[in-house]
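Have a look at the structure below, then the notes.
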Amino acid sequence: SSHSWLFMLFTFFKEYTGYVEMIPQNPLNLRAFTLCMRLGTELSMTTTERSIILFAYRTSQHDELNVWQEVDGRLSLYLSGSSDGVLFQVPGLGALHTHLCLTWDSSSGATALFMNGQRSLTKIYKKNHNVSSGGRVILGQDPDSLLGDFDADQSFVGEIYDVNMWSSVLSDSTIQDMFAGRAVPRPDILDWETAELRRNGDTTMIEHEL
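Mature numbering (1 follows the signal peptide of the UniProt record, and there is no 0) puts the sequence shown at residues -18 to -1, 1 to 192.
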């Protein structure tokens, strides 16, 4: 039998300070994670000298876990306020929705990116690091402090939804199932279906059937 799910999809229309705060169901005190989302943006086609924030988790100290599209189109993960991230050369984001996942394991530092179910090569990043709890998860903006201080020139413009996070590295087949819309284990950190989503500024929430 076929199933469909209704999701809340957020549209960020212009380069401004609109954002969505996502409330975790458990603290982001992590030695490993899988972070997934579906998104579409045409900024990469129209703006060449600009990085784009895809996911931001900030504590009072620094940007604890950020995902970016760099100026050159590569996708990147930065942990613990580091200026050195792990970067992946992948096809550019565009108007068609992309399913994106990042996995990281502290014990080995193994980091990988999945785009529409396809796995990247493995890179080693931040071995033995621990992601700290006590921060805020922000979609649409890169907060320069725990309370805000956003820069519109780094904002996300487009659509984003189905943002989920697990405190473990999911298997390749599970991530491929997720991309295909099949059932996967419920997330224990960020669960798009049940999380409280606090909308601020110029964002629009649309009911979307998957």
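From the three backbone atoms N, C-alpha and C, an ideal C-beta is built for every residue, glycine too.
May I ask you to list the residues that DSSP assigns as paired with residue 59? Indexing the sequence shown from 1 puts residue 59 at position 77. DSSP output for residue 59 lists 49, 68 as bridge partner(s).
Pull up the DSSP beta-bridge partners for residue 5, would you. What you label residue 5 is simply residue 23 of the sequence shown in a count that begins at 1. DSSP output for residue 5 lists no bridge partner at all.
Kindly confirm or deny that the region 151 to 161 and the region 48 to 59 touch, where touching means at least three C-beta pairs closer than 8 Å. no
Evaluate residue 20 with the Cβ neighbour count: other Cβ atoms within 10 Å of its Cβ, from every protein chain shown; 16 or more gives buried, anything less gives exposed. Working through the sequence shown from its first residue, we reach residue 20 at position 38. That one is buried.
Using the Cα positions of residue 36 and residue 163, report the straight-line distance between them to the nearest angstrom. Residue numbering aside, residue 36 sits at position 54 when the sequence shown is read from its first letter. Residue numbering aside, residue 163 sits at position 181 when the sequence shown is read from its first letter. Answer to the nearest angstrom: the Cα atoms are 21 Å apart.
Between the C-alpha atoms of residue 169 and residue 148, what's the straight-line distance to the nearest angstrom? Here residue 169 refers to the residue found at position 187 when the sequence shown is read from its first residue. Here residue 148 refers to the residue found at position 166 when the sequence shown is read from its first residue. One C-alpha to the other measures close to 5 Å.
Given that a residue counts as buried once 16 or more other Cβ atoms are within 10 Å of its Cβ, and exposed if not, what is residue 5? Indexing the sequence shown from 1 puts residue 5 at position 23. Counting Cβ neighbours within 10 Å, residue 5 comes out exposed, since fewer than 16 surround it.
Spatial neighbours of residue 12 within its chain, please: CB distance less than 6 Å, with the 5 preceding and 5 following residues excluded, ordered by chain position. Position 30 of the sequence shown holds residue 12. Contacts found: 113, 149.
Among the candidates 119, 146, 22, whose CA atom is the shortest distance from the CA of residue 42? For the purposes of this step, residue 42 is taken as the residue at position 60 of the sequence shown. It is 119 whose Cα lies nearest to the Cα of residue 42.
For residue 132, is the classification buried or exposed, using 16 other Cβ atoms within 10 angstroms of its Cβ as the cut-off for buried? Translated into the one-based positions of the sequence shown, residue 132 becomes position 150. Per-residue confidence for residue 132 stands at a pLDDT of 48, beneath the threshold of 50, marking its modelled position as unreliable; the derived number appears in the next sentence. So residue 132 counts as buried.
From residue 101 to residue 81, what distance separates their C-alpha atoms? Here residue 101 refers to the residue found at position 119 when the sequence shown is read from its first residue. Here residue 81 refers to the residue found at position 99 when the sequence shown is read from its first residue. Whole-angstrom Cα-Cα distance: 12 Å.
Anyone know if the C-beta pair for residue 62 and residue 111 falls short of 8 Å? Your numbering for residue 62 matches position 80 in the sequence shown. Your numbering for residue 111 matches position 129 in the sequence shown. Their beta carbons are under 8 Å apart, which means residue 62 touches residue 111 by this criterion.
Give me the residue from 139, 91, 74 with the minimum Cα distance to residue 68. Looking up residue 68 in the sequence shown gives position 86. Of 139, 91, 74, the residue nearest in Cα terms is 91.
Of the residues 166, 140, 167, 117, the one placed nearest residue 3, counting alpha carbons only: Here residue 3 refers to the residue found at position 21 when the sequence shown is read from its first residue. Of 166, 140, 167, 117, the residue nearest in Cα terms is 117.
Please report the straight-line C-alpha distance between residue 161 and residue 98, rounded to a whole angstrom. Stepping through the sequence shown from its first residue, residue 161 is reached at position 179. Stepping through the sequence shown from its first residue, residue 98 is reached at position 116. Distance between the alpha carbons of residue 161 and residue 98 is about 6 Å.
Among 7, 23, 140, which residue has its Cα nearest to the Cα of residue 75? On the sequence shown, residue 75 is found 93 positions in, with the first residue counted as 1. Measuring from the Cα of residue 75, the nearest candidate turns out to be 23.
Taking residue 83 as the reference, give the member of 165, 179, 144, 10 with the closest Cα. Position 101 of the sequence shown, counting from 1, holds the residue named residue 83. Nearest C-alpha to residue 83: 144.
Helix, strand or coil: how does DSSP classify residue 80 here? The residue you call residue 80 lines up with position 98 of the sequence shown. Residue state, collapsed to three classes: strand.
Taking 7 Å as the limit between beta carbons, can you name the residues of its chain near residue 178, skipping five residues before and five after? Reading the sequence shown from its first residue, position 196 is the one you call residue 178. These residues qualify, in order along the chain: 5.
Rounded C-alpha distance that separates residue 193 from residue 96: Since the displayed the chain opens at -18 and closes at 192, residue 193 lies outside it and no answer follows.
Option nearest residue 72 by Cα separation, candidates 7, 139, 103, 142: The residue given as residue 72 occupies position 90 in the sequence shown. Closest by alpha carbon: 103.
Residue 100 - partner residues in DSSP beta bridges: Along the sequence shown, read from residue 1 onward, the residue named residue 100 stands at position 118. 97.
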